[in-house]
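Residues in the sequence shown are numbered consecutively from 8, following this note's numbering.
Here the structure comes first, spelled out in structure tokens, and everything after it is commentary.
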Amino acid sequence: MTLTPEQFNKIALKEDLKDFAKSAEIQQMKNEILASNDKLSKKIDNIEHAFVSNLAAPDRFEKRLTRIEKHLELSSIVDY
């Protein structure tokens, strides 16, 4: 089989192949990216949990203050 000059120029040379990442290097990079994504996902979950907790906090505090006011027989400063 004879190669045309165009086909010959498309053949990858040894020097060209040195630039390609080896499969082990690609796997390592993939693992690092996935580990990073897992860490970010965990941080986002923690932020969401804290956000929900903060949304519920005023209701808890209001109930507690109401109980304390009743116990101390105080009247509310502000009526809602």
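Yeah, the Cβ is synthetic: ideal placement off N, Cα and C, and Gly gets one too.
Tell me the rounded alpha-carbon separation between His56 and Glu69. Using only the alpha carbons, I get a separation of about 21 Å.
Residue span of the alpha helix (DSSP H) that contains Phe68, given as start and end: It spans 30 to 79 - the alpha helix (DSSP H) in which Phe68 sits, taken as one unbroken run.
Let me know the secondary structure DSSP gives Ile10 once reduced to three states. What sits at residue 10 in the sequence shown is Leu, not Ile. Three-state DSSP puts Leu10 in coil, outside helix and strand.
If you draw a straight line from the alpha carbon of Thr73 to that of Lys46, how long is it in whole angstroms? C-alpha separation (whole angstroms): 41 Å.
Rounded to the nearest angstrom, what separates Arg67 and Ser48 at their Cα positions? So the alpha carbons of these two residues sit roughly 29 Å apart.
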